[in-house]
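Just below is one structure, and these are the notes that go with it.
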Amino acid sequence: MQTMVQASGIQKAYGKRAVLHGIDLTIGKGEVLAIIGPNGSGKSTTLDIILGLKKPDAGTVSYWRENPASHIGVQLQSTPFFPGFSALENMRMFAAFYGLKLSDKELRAQLERCGLGDAAGTRADRMSGGQQKRLAIAMTLMHRPQLLFLDEPTAALDPRARKEIRGLIQTLAESGASIVFTSHDMEEVHKLATRVVMICEGRVEASGTPDELLAKYDADSLEDIYIQLTDHIQ
């Protein structure tokens, strides 16, 4: 498997408070990697460093190609839509921000790919939570990234919307995209992830496929493992 990102020995402190203690993390081509851990464990700082938003105090991050930023897509929990604009109009605006010259036909095709073909004319502020998440992902995919980061993509959604977003992630993975996502829903992690990395107190506490982790910790679920490994800090 081709390595897309290799983070080695990443350390980071804010003032006197160390938050990362030598993180080693690999993202492989075509895999769906779930990064899990308690709030404040160092997940966000690790991803910020991988994305180049913060610099590590020590350690290195290498990428599969030079100038990878234009080949990476990032979907944040809070995407700044233009609320009074339709889905298609939002797509046009974000295409302009990316410097992409895409026709409405191409933009509509992207919306269709994300299950929003019938909602192209719907204002963003009148969309359901699931539709807004799909629009956020559609905009993230606009420049056809090879590596995709999704920050809690199903958080605060109802069961129907969660199922829709999970289906979209599975479709993207089947198309060959490398996907990294965060989640506090261990059932979701088990369904979607080909590999799981747990970060706890600034260290990689566990890493492996869901089945490997269940066998290693003799557990019935990833939730049981999560509780077992984080119980001392709750």
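Just so it is clear: in the sequence shown, position 228 is 228 by full-length UniProt numbering, and no numbers are missing.
Think of the CB as a built atom: it goes at the ideal place given N, C-alpha and C, for glycine as much as any other residue.
Excluding five sequence neighbours on each side, which residues of the same chain lie with their C-beta closer than 7 Å to the C-beta of Lys29? Met1, Gln2, Met4 and Ser178
First through last residue of the alpha helix (DSSP H) which encompasses Met93: Ala87 to Tyr98
Option nearest residue 241 by Cα separation, candidates Phe94, Asp151, Leu111 and Ile10: For the chain, the structure presents residues 1 to 234; residue 241 sits outside this window and is missing.
Can you find at least 3 beta carbon pairs, one from the stretch 193 to 204 and one from the stretch 12 to 28, that sit closer than 8 Å? yes
Would DSSP call residue 236 helix, strand or coil? Nothing about residue 236 can be reported from this structure: the residues present for the chain run from 1 to 234 only.
Ile50: which of Lys191, Gln132 and Thr26 sits nearest, CA to CA? Thr26
Which residue wins for smallest C-alpha separation from Gly115, given the options Leu53, Leu172 and Ile227? Leu172
Over what stretch of residues does the alpha helix (DSSP H) that includes Glu112 continue unbroken? Asp104 to Arg113
Thinking just about the alpha-carbon of each residue, which of Gly73, Ser78, Gly117 and Gln77 is nearest to the one in Ser86? Gly117
With a cut-off of 8 Å on the beta carbons, I'd call Phe149 and Val74 a contact; round off their distance for me. 5 Å
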